[in-house]
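Number of protein chains: 2
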Amino acid sequence: MSNAVDIRRLEAVSEEPVSRQERKQRTRQALLDTALDLLADRPFATLSLREVAKGAGIVPTAFYRHFASMEELGVALVEEATRTLRGMMRSARTDPDTYQGMISASVATVHQFVRAHEDHFRFLTRERYGGGPLARSIAVELRMFSGDLAIDLARFAPLRAWSTEDLHMLADLIVSAMITTTVELLEARPGEDTKITGTAEKRLRLILLGIPHWKSA
Amino acid sequence: MSNAVDIRRLEAVSEEPVSRQERKQRTRQALLDTALDLLADRPFATLSLREVAKGAGIVPTAFYRHFASMEELGVALVEEATRTLRGMMRSARTDPDTYQGMISASVATVHQFVRAHEDHFRFLTRERYGGGPLARSIAVELRMFSGDLAIDLARFAPLRAWSTEDLHMLADLIVSAMITTTVELLEARPGEDTKITGTAEKRLRLILLGIPHWKSA
DNA sequence: GATTACAGTGAACGACTGTACACTGAATAG
DNA sequence: CTATTCAGTGTACAGTCGTTCACTGTAATC
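In order, the protein sequences belong to chains S and U. Just so we're aligned: the first sequence equals residues 1 to 217 in this note's numbering. Just so we're aligned: the second sequence equals residues 1001 to 1217 in this note's numbering.
Here it is as structure tokens:
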């Protein structure tokens, strides 16, 4: 659980001199980590400044040395999580080999990233639809994600003739299918992963099957 | 805004004698309506018992005459909202005419129901991924919804040979596309509706285009 | 070596939270 | 007509909340 803090506190043991900047940055990260921990089973709006501060091992008033408000902490969290998201996008960009190869590679990438950064993805999927100010900035980020995907898709031979509008429609459809998969993975009990990724691949295959027969009207 | 209460309070004007049961049921409904109002821009977990009670025109302690806790109020809200959802499902069940007719009719039904019950759909989409105990019961309800859709789909000629597993995969895909559309409608600025429903129809068309060429794996 | 900058401290505040308890008054039951 | 039921009242209490303010001790600067 929230033991990240205690580990961090051990830095006194290692003999390397820690600059003030480094110390500050570590506390800041401890705040972010604590918040992410607490977010495992609650929406962001229910976090209190005091409990985040306590979890990070500082007194409530010291919180303000790092963020002007909880909302600002939330924005930083969105940035951290979307960095992971962009990393995933970068990993998934692969040479258009076969349809099937591309599908299973993409699903595998999503699977791997979700499992390696569960808290980031949980945060993003939770707060995306949660209302509040974070939802808006996450929506912007997801739109960029979808836009990038549309650009990638445009390079595929069967899609070269598609209008940008249709490409965005397709990209949105793929993204929302992937979000569904992400949520399923986050809610899965152990051992259900292969079933979920299998269904995810089927969904993508079905979508891509329609592409050759598409007429925009 | 939250004037539902005041309207309700006018019942004293109408001369019909109101039984005690009726009065109680009205207050209960006022609590639900107030909560739904407050949920317009905040997650459920941030609602306080006191403000819901105040909005319904009763003192905080009287809240307990109707619900044992806010969570129980939330469960009642899920029931109310899913009643709307089932109503939509019933309306959308139409004779399998043409593909295109079925698609535009379904999208039109979703559009109409979302606009007529924005607060219910906002509540469902927000809390579905919001964590907490409500998310689970909403997930159960959505799975039933998806299951019903799978059964309906099985009646279509091109889908008669499909395995139940594949039918569920297809139903889930359609449901998540529809949820995306719902969220888009709820976030839309006035005038964007036709663009959104247009895209929604395209998404469904693309999905259905793949069906004739499907081979299970 | 003296001075400054600043991350973290600790007490105090007013506002708000859920809930316990004893109550009132009117619709209902006998 | 009397007794009971029960939705709603009002007070009170112990917690938690965000934020204020004056402070301390040490790393960084001159």
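Quick reminder that beta carbons are idealized off the backbone N, C-alpha and C, glycines included.
Asked: Contacts around residue 1217/U, its chain only, beta-carbon distance under 8 Å, and the 5 residues preceding and following it disregarded; Found: none
Asked: Entirely enclosed alpha helix (DSSP H) segments - the segment 134-204 of chain S, minimum 4 residues; Found: 164-187
Asked: Any chain U beta carbon closer than 8 Å to residue 209/S; Found: yes
Asked: CA-to-CA distance, residue 1092/U to residue 141/S, given in whole angstroms; Found: 33 Å
Asked: Beta-carbon proximity check, residue 153/S vs residue 135/S, cutoff 8 Å; Found: no
Asked: Rounded C-alpha distance that separates residue 73/S from residue 44/S; Found: 10 Å
Asked: Residues of the segment 116-132 of chain S with Cβ closer than 9 Å to any Cβ of chain U, in chain order; Found: 122, 125, 126, 127, 128, 129, 130, 131 and 132
Asked: Positions along the segment 31-43 of chain S whose CB lies within less than 9 Å of some CB in chain U; Found: 39, 40, 41, 42 and 43
Asked: Cβ of residue 1180/U within 8 Å of any chain S Cβ; Found: yes
Asked: At least 3 beta-carbon pairs within less than 8 Å: the segment 1105-1125 of chain U vs the segment 1182-1189 of chain U; Found: yes
Asked: Alpha-carbon spacing of residue 1145/U relative to residue 1063/U, whole angstroms; Found: 32 Å
Asked: Where residue 169/S meets chain U, residues with beta-carbon distance less than 8 Å; Found: 1199, 1202, 1203 and 1206
Asked: CA nearest to the CA of residue 161/S, picked from 147/S, 210/S, 175/S and 215/S; Found: 215/S
Asked: Range covered by the alpha helix (DSSP H) that runs through residue 1052/U; Found: 1049-1056
Asked: Distance CB(residue 1207/U)-CB(residue 1177/U) smaller than 8 Å; Found: yes
Asked: Rounded straight-line distance, which links the Cα of residue 1084/U to that of residue 1101/U; Found: 23 Å
Asked: Residue of 1132/U, 1168/U, 1099/U and 1049/U minimising C-alpha distance to residue 1078/U; Found: 1132/U
Asked: Assigned exposure category for residue 1196/U - 16 Cβ within 10 Å defines buried; Found: buried
Asked: Length-filtered (4 minimum) alpha helix (DSSP H) runs lying within the segment 1058-1109 of chain U; Found: 1070-1092
Asked: CB contact below 8 Å: residue 140/S versus chain U; Found: no
Asked: Local conformation of residue 39/S per DSSP, three classes; Found: coil
Asked: Alpha-carbon spacing of residue 87/S relative to residue 81/S, whole angstroms; Found: 10 Å
Asked: Buried or exposed by the 16-neighbour rule on C-beta atoms within 10 Å, applied to residue 1213/U; Found: exposed
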